[in-house]
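Since the structure comes first, as structure tokens, the remarks are kept for the end.
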Amino acid sequence: MKKYGLGILILTLVFTMAFNVEEVRAEDILADIVIEGNENISEERIMEFIQSEIGEEYDRTQLREDMEAVYDLGYFEDINVNFQSTADGLVAIFQVQEFPVLTEINITGLDEIYDREDVLEELGIAEGEILNVERLNSGISELRFRFQEDGYALARFDDVDISPEGVLDIQINIGYLNEIRLEGNEKTRDYVILREFDIEPGDPVNFNRIQEGYQNLFMLEFFEDIYPDLVMVDEENNRADLVLEMEEGNTGSLNLGGGYRQDAAGDGSWFAFADIQEENLFGRGQTLSFNVQLGDEREYNLGFREPHVDGTDLSFGFNVYDQYRSLDAERKRIRGFTTTFGHPITETWDGEFRFKNDRNLTDEETSRSITLSGERDTRDNPIFPQSGGIDRLSAEFAGYVIGGDSEFIKYGTDNRRYYEGFRDDHAVALRLDTGFSNAELPSHERYRIGGPDTLRGYRSRSGDNKALFNLEYRMQVIDNVQGVLFGDAGRVWDHGESLKFSGTDHSTGLGVRLNTPLGQLRLDYAWDKDWSGTPHLSFGQTF
């Protein structure tokens, strides 16, 4: 079958214009205009685009413009104008050659990415209709734009041909991933990196998926810098390699410290602590942590988390602890463990199931609970976010059918938002953290606010319900140093009481964040509502 290339890819079709008359005098009158060769497009439709007027002097420039206007209708493969001399003047004969009626449309290369009927509608073509190449060209441009928006930046039209019988063949090459090459990951295992990308060799190249994978990889906080690059390795077959060049960062932290503090009863004591954490254990993406605090209050915690059990999206974690703490002016010995399972619920929300078993050795009480929670993290950057946020919802059920000496339900919300500040290296951070219960809570289950991580400028206090609001304005001063202005407000209250804003505590202050090889050091100084100042030393961002 003979086919004629439409030249769609250059979006310009060349046509022939011929004035076949041996001698045409400028003073000759245009006696008539005749259309020949049209079968599907009516003469009236064509004449709408011819501006030359019968009875007027022949105008070669105007006739050429008429030919172009008729050609721009998109229905004609070729147009010629011949002249015939008569006693009344010149007769202009427009000889047109129509494109065929489409009897069959074959589109290859979409790989079920797009619905065929949607593509035909976007291209503006249908079987049983005469081919309109202008409409097709416009549709191809729109489809190219859609490819770009959907992330298929390598997509191209390899061939567009139509046969005299009206069979239209459109060959699309969407562009494919040849392989993913990893460079610079000396510690992190390849599979830890690759599982963050929803794309693999042989798949169509999709920039949106690559960007999502890049963001997922960045949020792990395993790497100082990540440089993605797409390298074409087979131009003819439209295949490219994704090259990820990485600079690994420090994933382990050791925080040592100590000091003097007062408990809720006003008693003071000295303490020392050590926090050890590795977030990329043996390069497998696992987290192992150990915390110890010595002094009048003692605490030991050991935790582990596997984010992808056996390569699946199921996460698993556990934490065991032994604590000797001052709770509401009483000292309690708490020993227990938690076991956690997590799994994505949607593309943006992760769900978590946690079982906790606490033993209050002082009061010889046991508390068992199940917590169901959901979390969404849309931050643009885990270290210095300037857009997006974190949302967490939770419900904890204690006692009832799972046993234990306490029965209660706790509901919690934690919402954080981040915005760009007055300069590119400034950020605004907000947090609203609430917790509610349906009963009086055991002392070690009560909500607590006060201290460096919640309500700065105040000692820790507890209640059956809580409401906390934090506002920070963060500024990059120099490399590895941030300045912070902050305001905190919050309160706790007991079961049966109502929330009264008049009893809300609040503070303002300023702080410094220092990035060190062992983690971020946080220094804050807060003034409470009576303008009494309190310094705070801690690690990591407040929220």
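Here the sequence shown stands for residues 1 to 543, numbered as in full-length UniProt numbering. Even glycine gets a Cβ: it sits at the ideal position worked out from N, Cα and C.
Following the DSSP letters along the chain, one finds asparagine 137 in no beta strand (DSSP E) but inside the alpha helix (DSSP H) bounded by residues 133-149. With contacts defined by Cβ atoms closer than 8 Å, phenylalanine 304 and glutamine 293 do not form a contacting pair. For the 8 Å CB-CB criterion, serine 387 and glutamate 420 form a contact. The beta carbons of leucine 523 and phenylalanine 539 sit no closer together than 8 Å. DSSP places glycine 503 within a helical segment (H, G or I) once states are collapsed to three. Each residue's CA atom was taken as its position, placing aspartate 66 and asparagine 80 some 11 Å apart. A straight-line Cα-Cα distance of about 33 Å links tyrosine 411 and glycine 257. In this structure, asparagine 360 and histidine 444 form a Cβ contact; the two beta carbons are roughly 6 Å apart against a cut-off of 8 Å.
Between leucine 302 and asparagine 291, the alpha-carbon positions lie close to 7 Å from each other. In the three-state scheme derived from DSSP, where H, G and I count as helix and E and B as strand, threonine 61 is classed as helix. In this structure methionine 246 is buried. Its beta-carbon is surrounded by 16 or more other beta-carbon atoms within 10 angstroms.
Going by C-alpha positions, arginine 459 is about 59 Å away from alanine 240. The stretch 366-381 and the stretch 389-397 touch, with no fewer than 3 CB-CB distances between them shorter than 8 Å.
In chain order, Ala240, Asp241 and Val243 place their CB closer than 7 Å to the CB of valine 231, counting only its own chain and leaving out the 5 sequence neighbours on each side. DSSP places glutamine 51 in the coil class of the three-state scheme, outside both helix and strand.
As DSSP reads the structure, glutamine 215 sits in no beta bridge.
DSSP places leucine 123 inside the alpha helix (DSSP H), whose first and last residues are 116-123. Annotation: arginine 325 to arginine 423 spans about 44 Å, alpha carbon to alpha carbon.
For tyrosine 75, the secondary structure class from DSSP, reduced to helix, strand or coil, is coil. Of all C-beta pairs linking the stretch 80-100 to the stretch 32-52, three or more are shorter than 8 Å, placing the two stretches in contact.
The three-state reading of DSSP puts glutamate 445 in helix, counting H, G and I together.
Closest in C-alpha terms to glycine 374, from the list Glu352, Tyr418, Gly519 and Glu235, comes Glu352. One Cα belongs to methionine 475, the other to arginine 116, and the distance between them is close to 51 Å. Excluding five sequence positions before and after leucine 499, the CB atoms of its chain that fall closer than 7 Å to its own CB belong to Ala467 and Trp493, given in chain order.
DSSP, reduced to helix, strand and coil, places valine 205 outside both helices and strands of the structure shown, so it counts as coil. Sixteen is the threshold: when 16 or more other Cβ atoms of the shown chains lie within 10 Å of the Cβ of asparagine 280, as they do, the residue is buried.
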